[in-house]
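This report refers to the structure that appears directly beneath it.
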Amino acid sequence: MVADKALSRVAIVSYASACILIPRFSCNIIIFRFADISFPPSMVSLLASCVHLSKFPLLTVTNTSSFPRHGRTYTFKFRNRRNRFHIHAVEMNSFDSYYKQEQQQPRTLFPGGFKRPEIKVPTLVLQLKSDEVLEVKGALDVVDVAVSKWVGIVVLDGSPGSSGRLYEAACLLKSVIRDRAYLLIAERVDIAAAVGASGVLLSDQGLPPIVARNMMVQSKSQSIILPLVARNVQTASAALSASSSEGADCLLYDADGTNHVEVLVNSVLKNVKVPVFTTIALLGQGTLLAEASKLFHSGASGLVISLEDMKLFSDDTLSKLFDTECVMKRRAQHEIQSFMKLEKGDVDERFNGKKGYAGFTTLEDREKTFIERERQVLLEATAVIRKAAPLMEEVTLLTDAVSQLDEPFLLVIVGEFNSGKSTFINALLGRRYLKEGVVPTTNEITLLRYSELGSHGQEHCERKPDGLFVCSMPAPILKEMNLVDTPGTNVILRRQQRLTEEFVPRADLVLFVISADRPLTESEVDFLRYIQQWKKKVVFVLNKSDIYQSTSELEEAIAFIKGNAQKLLNTEHVTLYPVSARSALEAKLYVSSDVEKESEELLCTNSYWRTNSFYELEKFLFSFLDGSTNNGMERMKLKLETPISIADRLLSTCDELVRQGCESANQDLVSVNEIITGVEVYAMKLERESLSWRRQTLSLVDNSKARVLKLIESTLQLSNLDLVASYILKGEKSASLPATLSIQDEIISPALSDAKKLLGEYLEWLQSNNTREGRLFQEYFEKRWPSFVSPVNQVLDTHKLQNKGEKLSQKVVEDFSANAAAKLFEQEIREVVLGTFGGLGAAGLSASLLTSVLPTTLEDLLALGLCSAGGLLAISNFSARRKAIADKVKRTADALARELEEAMQKDLLQTIENLESFVKLISKPYQDEAQHRLDNFLEIQGELTSVEGKLKSLEIEIQNLHLS
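Numbering (UniProt numbering), first residue to last: 1 to 964.
This is the structure:
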């Protein structure tokens, strides 16, 4: 239904009619109707976030530009149509956030920032129900054993309405499987994302794989591995659609009815290039081992079994099954010389019985010696890279390139889909070996190699466990050159573009096919920048050049491509051949049909062939195969430079990682030292706060001193007749005076008790502050470096932290005796009294007593003078004696105060030293670890510099290899 109004147009369409309706109507709003598909809210604004609509505009948001996708209007132009429509993006949706994050966080050496998941085959797929996981006793134990041996994929399914149980079962399985196998959740993308599963299994009626993958990518933003999306199919057509146009990573094939095995073998396994797993129900009536082996031999990647089916396969049966299959794989691998093996000094014997070395049939001893030396340097570089970046998976690019030193020259064909890559390769080979079409026809990396196997020109193709397709065919050009056909650089399926990105570094020469109807598109420019990062030599092929109406148009297009390529590749010379691959292929097919004449003779007489630049391109490529020509020498240089350029790129990345590692280790050392110096700040703070404790303690001494002085003043009075009479008349036998008892019981003892209590609180305050501060230091270390666990830090060293030392301040108080002080006081009083009144005798004492009753001082002095001639002199010294005892009390009190203050200071310093020792103790492992990392990085940095120097020397020698 289409509603056309004055201000806006709304179109409600089905997906099937979308591509027809959109170009023909100027629609402001387009609503797409999907049958039996439920989209989450985040998918509502899918179309509003698109900035490029490709062949299938609704399948994905193609990342073709780095500019923002919201808050502005974009105009999209469909090829061969003049209609335009506008889309207004009013907000950043989840897809925009994902792409923004993807652009900000490049996490691999590949421009997409992701790597494709690799399925190792053959393997078993174990299907489980959530009820089996939660209720069947021992089910998890069976899964644990299975994933450790034979099972590579575990699929979890739940019954309708059991989302909670499915989530619980998925969590349990995830904890058991860990990273030993892929965990797929059937249909439920949300639960798969919530538990961190590897991917999802979709039914025929489920979400499109591209939608499920994009939803999973958003939820696993930190992962560099794309989610694994499998499709459950029951027909050959569904299998072909799911693997090619929909982009499923693997298929689970289950068919009902007769001839299902024949359909599987003839229609599915021969045409589908992704792994196909078949259910055990498809096995015939023979023994399981024999039937499964037949399917494996036909190309099946494994079996889908249930928990009950596991009982049918004993360990012995599975061992025989997989051992047999592995033997077959190894035998086939030996035949085609897989890229993944590094066999030093291997000699190639594939060219007409001639021995080849480094892909060449004739080499001088000097060149062979150089190749061996290069191999050794590259192996050294590989070891250093693995040491510098143990998690860098891209190092396999270098090991592959080193192994390819013994392989033929590798020519990789790249370009956008529908640029004519497959047609071009067919024209180069002289037959229609590869499928051609207007939609993407190459879904996987396909390696084309020479083989005399297969009669009547038939090729033999085999899928390798790493996802590489190897096709053997008797094309003469492949005798000394391997060709690689890649998916398009702008394909919708993200996994296919990752395939191309991951294979380009291995190329010795890149042939970039550009379509004449859209030269140098945005995706081609981006891919050229990526190729430049690997320092690859690029030869451009302008295909479909026959669409130009005149020579001037062709020359204008050539100049445009060359000019931009020179800037992108930073080179002065750009090689470009304008061709028409389809016409060249037709010419070759025409002459090959005439068996009475030689093909070359017929081609030479063909007028179109004589004017077509394809002939010049072939001459260029064949000159590459001739080691005596300049191009042939360049071929060897390119071959030898391929692993060096890869090593150079990886080493540059390692240099940056090591530099960052050194900076991080240095920063950690600085941080540790700053934390240790933080104790000084804490010490100053603690000392400031301790001043109040000292004032309180010293105030107790000062108060006691004042009270004692007051007591001395009141006690040592001439009018105190009881005191004088007691000491004069009773002598040594006199009892302790009330003043003495008052000093001991009312002044000194309470003051000492208060001081002990106060100093106890002071020491506890120091200890609690130390404990708290020590824990803060420890927690900071643990939070600052959470991944590092030191044995010293596992248990708090409370003995060091809470070490109270000698408690000097309390010891000072404990050593001060109130009883001894009272006795000393009494002794001083006695000496004052006796020294004053002891020499007066009875008369003097009588006169002294008279002074207490006479009204005036004058009369007192007269009485004393009358009683004794020396009385006046003795009485005059009394005040001096009283002052002397007061001064002695002051000196004693002040000495006690100083001793207490010094002891409190020592307690403070001891506490700070304890904390400093503790912090140094807990920081030492972090400090040692940071220093060890720094030393290790510096050592690796030296090794990287050494290897880089050797590679530079090799590059110079390669350039001068044939100059002698």
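Think of the CB as a built atom: it goes at the ideal place given N, C-alpha and C, for glycine as much as any other residue.
Beta carbon of residue i nearer than 9 Å to that of residue j
| i | j | result |
| --- | --- | --- |
| Val-414 | Cys-654 | no |
| Val-412 | Val-304 | no |
| Val-513 | Lys-536 | no |
| Ile-644 | Ile-958 | yes |
| Ser-545 | Ala-516 | yes |
| Phe-409 | Asn-482 | yes |
| Thr-911 | Gln-767 | yes |
| Leu-226 | Leu-184 | no |
| Pro-275 | Asp-249 | yes |
| Lys-120 | Leu-318 | no |
| Leu-156 | Ser-130 | yes |
| Val-154 | Ala-181 | yes |
| Val-261 | Leu-312 | no |
| Ile-445 | Leu-429 | no |
Proximity test, residue i beta-carbon vs the ligand MG heavy atom, cut-off 8 Å
| i | result |
| --- | --- |
| Ser-403 | By its list of ligands, the structure shown contains no ligand whatsoever, and the ligand MG lies outside what it can speak to. |
Where the beta strand (DSSP E) containing residue i begins and where it ends
| i | result |
| --- | --- |
| Met-392 | First-last for Met-392: undefined, no H or E at that position. |
| Ile-185 | 182–186 |
| Asp-309 | Here Asp-309 belongs to no beta strand (DSSP E), and DSSP marks it neither H nor E. |
| Phe-409 | 409–415 |
| Lys-619 | No beta strand (DSSP E) contains Lys-619, which is instead part of the alpha helix (DSSP H) from 614–625. |
| Tyr-433 | That residue, Tyr-433, is in no beta strand (DSSP E); it is neither H nor E in DSSP. |
| Gln-218 | Here Gln-218 belongs to no beta strand (DSSP E); instead the alpha helix (DSSP H) covers 209–219. |
Neighbourhood of residue i by C-beta, 7 Å cutoff - its chain only, sequence neighbours within 5 removed
| i | result |
| --- | --- |
| Ala-388 | Cys-654, Leu-657, Val-658, Ile-940, Leu-944 |
| Arg-386 | Val-395 |
| Asp-144 | Val-176 |
| Ile-676 | Val-919, Lys-920, Ser-923 |
| Leu-289 | Thr-317, Lys-320, Leu-321 |
| Leu-554 | Ser-545, Tyr-548, Pro-578 |
Buried versus exposed, by CB contacts within 10 Å (16 or more), residue i
| i | result |
| --- | --- |
| residue 966 | Outside the displayed span of the chain (1 to 964) sits residue 966, for which this structure offers no information. |
| Gln-778 | buried |
| Gln-404 | buried |
| Gly-661 | buried |
| Lys-639 | buried |
| residue 976 | As displayed, the chain neither begins before 1 nor continues past 964, which places residue 976 out of reach and without an answer. |
| Pro-122 | buried |
| Asn-960 | exposed |
| Asn-271 | exposed |
| Thr-278 | buried |
| Cys-50 | Legend: pLDDT at Cys-50 = 34, less than 50; position of this residue unreliable, no value from coordinates given. |
| Pro-505 | buried |
| Glu-713 | exposed |
| Leu-478 | buried |
| Val-947 | buried |
| Gly-164 | exposed |
| Arg-449 | buried |
| Arg-375 | buried |
Span of the alpha helix (DSSP H), counted from its first residue to its last, around residue i
| i | result |
| --- | --- |
| Ala-516 | Unbroken run through Ala-516: none, as it is neither H nor E. |
| Leu-776 | 749–784 |
| Val-525 | 522–533 |
| Gly-563 | 551–569 |
| residue 965 | Because the chain here runs from 1 to 964, residue 965 falls outside it and cannot be looked at. |
| Leu-478 | Element bounds for Leu-478: n/a, residue is neither H nor E. |
Contacting residues, own chain, Cβ-Cβ under 6 Å from residue i (five flanking each side not counted)
| i | result |
| --- | --- |
| Ser-267 | Ala-236 |
| Ala-192 | Ile-185, Val-200 |
| Gly-784 | Note on identity: in this sequence residue 784 is Arg, with Gly being the wrong assignment. Result list for Arg-784: empty, nothing under 6 Å. |
Any chain D beta carbon closer than 9 Å to residue i
| i | result |
| --- | --- |
| Ala-230 | Protein chains in the displayed structure number just one, and chain D is not present. |
Cut-off 8 Å between Cβ atoms - residues of its own chain near residue i, not counting five sequence neighbours on either side
| i | result |
| --- | --- |
| Val-525 | Asn-564, Leu-568 |
| Ala-893 | Val-701, Asp-702, Ser-704, Lys-705, Val-708 |
| Ala-139 | Leu-128, Glu-132, Val-133, Leu-307 |
| Thr-629 | Ser-623 |
| Ala-300 | Pro-122, Leu-264, Leu-269, Val-276, Phe-277, Thr-278 |
Q.
Between the region 650–665 and the region 749–762, can you find at least three pairs of beta-carbon atoms closer than 8 Å?
A. Touching, no, given that fewer than three Cβ pairs across the two stretches are closer than 8 Å.
Q: Could you tell me whether the region 634–648 touches the region 555–562, using the rule of 3 or more Cβ pairs below 8 Å?
A: With the rule of 3 Cβ pairs closer than 8 Å, the region 634–648 does not count as touching the region 555–562.
Q.
Within 8 Å, do at least three Cβ pairs link the region 666–675 to the region 913–930?
A. Counting C-beta pairs closer than 8 Å gives three or more between the region 913–930 and the region 666–675, which meets the contact rule.
Q: Evaluate the contact criterion for the region 196–205 versus the region 226–242: three or more CB pairs, one atom per stretch, below 8 Å.
A: Contact holds: three or more Cβ-Cβ distances are below 8 Å.
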